[in-house]
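Numbering-wise (numbering that gives the first Met the number 0), the sequence shown opens with residue 0 and increments by one. First up is the structure itself, then whatever we jot down about it.
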Amino acid sequence: MSDSVIEVRNLKKYFSVPGGQLHAVDDVSFTIEKGQTLGVVGESGCGKSTLGRTIIHLLDSTGGQILLNGKDITKLNAHQLKEARSNMQIIFQDPYSSLNPRMTVGEIVSEPLMLSGRYNKKQISEESDRLMDLVGIEERLRNSYSHELDGGRRQRVGIARAIALKPEFIVCDEPVSALDVSIQAQVLNLLMDLQDSIGLTLMFVTHDLSVVRHISSHICVMYLGQMVEKAETEELFTRPMHPYTKALLSAIPSVDIHHPSKRVLLKGEITSPINPKPGCRFYSRCPYATEKCKEPQELHEISPEHFISCCRAKEI
């Protein structure tokens, strides 16, 4: 029996726009094993956040399948969705706009407990106290409002709300990008501690490669709605195979003055995600592109647990 908590099969999410269909997520497949963290990286607009929001049904999928613990949750009615949502949650990027400014910290943390109908008033109070303590929010802040807190504390409130119903799977949608560097480390360490203590399975969406290397067990790289490479974290950083991944990793600043990083500068026009043609979407910017790259590309295993969508990977 598989230990995968989330399995995504050929997932698609298209948006109708003037001129056709915008392919925000196009034919993406992967699994996340229990207790693991999958990092999802790529430049702005590649579909990272849309992928996470589609998996947890904040957006309806256009096609494909989503499985939670082996159960197909692609199409759910209102009752089924409420039940599934207790087992999958999201931590949003902006800890200020994601919190209700009219509710106190205590009310925000207690709200999912109250809405679930599983707890009485005394249990809600006790459980919210436990959650606040678990994520490092002082009891004195229970009656504070979100605008009275700093960014780090606001994000801790968002984390407490996300884990309130003991979900197995959480989408972390760039949860530290709006925070100072010192606070980023605290929030990342909190997420990793929670993962160890309560067995969370995470999908960590970010554009910060140093962050994703620190927290992820596996990484998938997205480009214009498609997954172009997926591998274990250290494998991806030490042996990137796709030309786009190589360019992405070359942008990481080097602190070694004797061995500066060699930037891979991409040239050419970015392919439009609206009604894209078959073939590699990186074709117009790839220095290794040939006519063969205009044919549809499939994600294939080039070495154990290392998948790539490039017909010329072994040549380059």
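Think of the CB as a built atom: it goes at the ideal place given N, C-alpha and C, for glycine as much as any other residue. Just so it is clear, the structure is predicted and the values come from calculations on it, not from any experiment.
- With a cutoff of 8 Å on beta-carbon distance, residue 284 and residue 266 are scored as near each other.
- A contact is defined here as three or more CB-CB pairs under 8 Å, and the stretch 47 to 54 meets this definition with respect to the stretch 13 to 29.
- In the three-state reduction of the DSSP assignment, residue 8 falls in the strand class, which pools E and B.
- If you compare the alpha carbons of 41, 151 and 14 with that of residue 203, the shortest gap goes to 41.
- For residue 225, the beta-bridge partners assigned by DSSP are 222.
- Out of 91, 6, 305 and 160, the CA that lies nearest to the CA of residue 228 is found in 305.
- One thing to note: residue 131 has its Cβ within 8 Å of the Cβ of residue 159.
- The C-alpha of residue 143 lies about 16 Å from the C-alpha of residue 97.
- At the C-beta level, residue 65 and residue 31 stay beyond 8 Å of one another.
- Closest in C-alpha terms to residue 308, from the list 254, 233, 225 and 262, comes 225.
- Beyond the five residues adjoining it in sequence on each side, residue 312 comes within less than 8 Å, by CB distance, of 240, 241 and 301 in the same chain, given in chain order.
- If you draw a straight line from the Cα of residue 194 to the Cα of residue 8, it comes to about 25 Å.
- Annotated three-state conformation of residue 215 is coil, per DSSP.
- When the five nearest sequence neighbours on each side are left out, the beta carbons in the same chain lying within less than 7 Å of the beta carbon of residue 16 are those of 273, in order along the chain.
- Straight across, the Cα-Cα distance linking residue 222 with residue 245 is about 13 Å.
- Between residue 154 and residue 277, the alpha-carbon positions lie close to 41 Å from each other.
- DSSP lists 201 as the beta-bridge partner residues of residue 36.
- Taking a C-beta distance under 8 Å as the contact criterion, residue 12 and residue 43 do not qualify as a contact pair.
- Here residue 211 has 38, 40, 203, 205 and 218 as same chain residues with Cβ atoms under 7 Å from its own Cβ, once five neighbours each way along the sequence are excluded.
- The three-state reading of DSSP puts residue 62 in strand, counting E and B together.
- Between residue 140 and residue 152, the C-beta spacing is below 8 Å.
- Here residue 79 is exposed. Its C-beta has fewer than 16 other C-beta atoms within 10 Å.
- In the three-state DSSP reduction, residue 89 falls in the strand class (E or B).
- Put simply, of 262, 108 and 35 the residue whose alpha carbon is nearest the alpha carbon of residue 128 is 108.
- Taken atom to atom, the span from the alpha-carbon of residue 62 to that of residue 174 is near 27 Å.
- A residue is called buried once 16 or more other Cβ atoms fall within 10 Å of its Cβ, and residue 92 is buried on that count.
- Annotation for residue 236: no beta strand (DSSP E) segment contains it, though the alpha helix (DSSP H) segment containing it runs 232 to 237.
- Residue nearest to residue 116 within the set 235, 196, 163 and 248 is 163 (criterion: CA-CA distance).
- Each residue's CA atom was taken as its position, placing residue 182 and residue 257 some 31 Å apart.
- Residue 71 counts as exposed, since fewer than 16 other C-beta atoms from the protein chains shown sit within 10 angstroms of its C-beta.
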